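Colleague:
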Amino acid sequence: MRMNGSWHVYRAGERWQRARRDMRIVVATDAYEAVAFSVPVAEFLRERDLQRQEDLREMGPDLLSDDFDRAEALRRLREQGNVTVGDALLNQRVVAGAGNVYRSEVLFLCGIHPRATVDVVTDAALEEALSTARRLMRANVVDPQSSIVTYTGYRRTTRRADPAERLWVYGRARKPCRKCGAPIRVVRIGPYARLTYYCPRCQPVAATY
């Protein structure tokens, strides 16, 4: 199970930042529009039907949940064996919520090479990856009780205000690493051949992590 597509929130009448042909769902009020782009499958469920929906029942612990089950997440990661750590984090049946941007950013911050598999990574390294994913994702969530924020672009993981410096490695192929200066590389990994960005110096190949 992989995440695909994205949701944007706009004020009524505000110009969308994706092509209208990519729109799949619009949920609108007088003031705001929530738009889903490039979503391959969508299904509306009543509350009483949620527990009977197979995909939802099989989802792993929610990385954004206040009561995130770290032990269960680690157990599900361990079951992935020779799957790369990055692909395991993208599998929504292992942990729910992370997408491809976070995959590259988490691996970089944890110093894990993109081709490292779960079976060569220690429990401590996997727990650090889970903690890092939670920290990055929660830092990009706005409290729904405070205000509605319209779409402002990709996630920010560096805490830098400049939009050009918002990410550590994702989308920065051949640019200098923000930590060591080495050129960032990009590879296609996994059954879906998704792009993974990494620093060859900060994320060296190792027998174990």
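Under my numbering, think of the first position of the sequence shown as 122, with each following residue one higher. C-beta: ideal position from N, C-alpha, C; glycine also. This one's a predicted model, so the numbers in the text were calculated from it and none came from an experiment.
(1) Is it the case that the Cβ atoms of V206 and V242 are separated by a distance below 7 Å?
(2) Buried or exposed: which applies to N221, given that a residue is buried once 16 or more other Cβ atoms fall within 10 Å of its Cβ?
(3) Whose C-beta lies closer than 6 Å to the C-beta of P265 among residues of the same chain, with five residues either side of it excluded?
(4) Please determine if the segment 180-197 and the segment 247-258 are in contact, where contact requires at least 3 C-beta pairs separated by less than 8 Å.
(5) Return helix, strand or coil for D244, following the three-state DSSP convention.
(6) Give me the residue from V262, K296 and L210 with the minimum Cα distance to V239.
(7) So W128 and A155 are supposed to be a Cβ contact under 8 Å. How far apart are they, rounded?
(8) Since I believe M144 is in contact with F158 (beta carbons under 8 Å), could you give me their beta-carbon distance rounded to a whole number of angstroms?
(9) Which residue or residues does DSSP assign as beta-bridge partners of E154?
(10) Cβ atoms of L184 and L247: under 7 Å apart, would you say?
(11) Report yes if the C-beta distance between A294 and V308 is below 7 Å; otherwise report no.
(12) With H, G and I counted as helix, E and B as strand and the rest as coil, what does DSSP make of D190?
(13) For A152, count neighbouring C-beta atoms within 10 Å of its own C-beta (all shown protein chains included) and say buried if the count is 16 or more, exposed if not.
(14) For chain B, find out if any of its Cβ atoms is closer than 7 Å to the Cβ of Y330; answer yes or no.
(15) What are the start and end residues of the beta strand (DSSP E) that includes Y223?
Modeller: Reading it off the structure:
(1) yes
(2) buried
(3) Confidence at P265 is low in this model, with a pLDDT of 48, below 50, so the placement of that residue should be treated as unreliable; the coordinate-derived value is given next. Excluding residues within five positions, none has a Cβ falling inside 6 Å.
(4) yes
(5) helix
(6) L210
(7) 6 Å
(8) 6 Å
(9) Y131 and A149
(10) Contact flag unset, no.
(11) At a Cβ-Cβ threshold of 7 Å, A294 and V308 do not count as neighbours.
(12) coil
(13) exposed
(14) Looking at the structure shown, chain B is missing, and only one protein chain is on hand.
(15) Here Y223 belongs to no beta strand (DSSP E); instead the alpha helix (DSSP H) covers N221 to C231.
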